[in-house]
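Before any comments, here is the structure.
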Amino acid sequence: QVQLVESGGGLVQPGGSLRLSCAASGNRFSIYTMGWYRQAPGKQRTLVAAITSHGSTNYVDSVKGRFTISRDNAKNTVYLQMNSLKPEDTAVYYCNAATLLYEYWGQGTQVTVSS
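Printed below as a string of structure tokens:
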């Protein structure tokens, strides 16, 4: 069982930056592929970025060049650095930990981009 706790969300103006953090419990963090998903009101939850246990990353096209996912296995934490934020980035952001057999979700953190 893995528990994920997100933090770092908030209200930011367009063009601003936020860094989300997701702290995981347990001692096998390094084996998980970690992902950040988001869900806007009335829309489905979709993948934003992911990082494998080996450090390979992938991003949805709409955030490429603006968002960076990283992980610190010593701290059991994954980060999402979000720069040049746009109003369309407004959503609840969820942390995900996955292997081939298991998947875990955090409770989500709200990100609102508005002037």
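Straight run, no breaks: the sequence shown in our numbering ends on number 156. Yeah, the Cβ is synthetic: ideal placement off N, Cα and C, and Gly gets one too.
Enclosing beta strand (DSSP E) for residue i [first to last residue]
i           : result
residue 144 : 144 to 146
residue 137 : 132 to 139
residue 113 : 108 to 113
Beta-carbon proximity check, residue i vs residue j, cutoff 9 Å
i          : j           : result
residue 89 : residue 78  : yes
residue 63 : residue 109 : no
residue 39 : residue 76  : Outside the displayed range of the chain (42 to 156) lies residue 39, so it cannot be described from this structure.
Among the options, nearest to residue i - alpha-carbon criterion
i           : options               : result
residue 152 : 146, 145, 142 and 132 : 132
residue 85  : 154, 134 and 97       : 134
residue 66  : 156, 155 and 147      : 147
Per-residue DSSP class, three states only, for residue i
i          : result
residue 62 : strand
Original post:
Contact between the region 113 to 133 and the region 51 to 58: three or more CB pairs below 8 Å?
Top reply: yes
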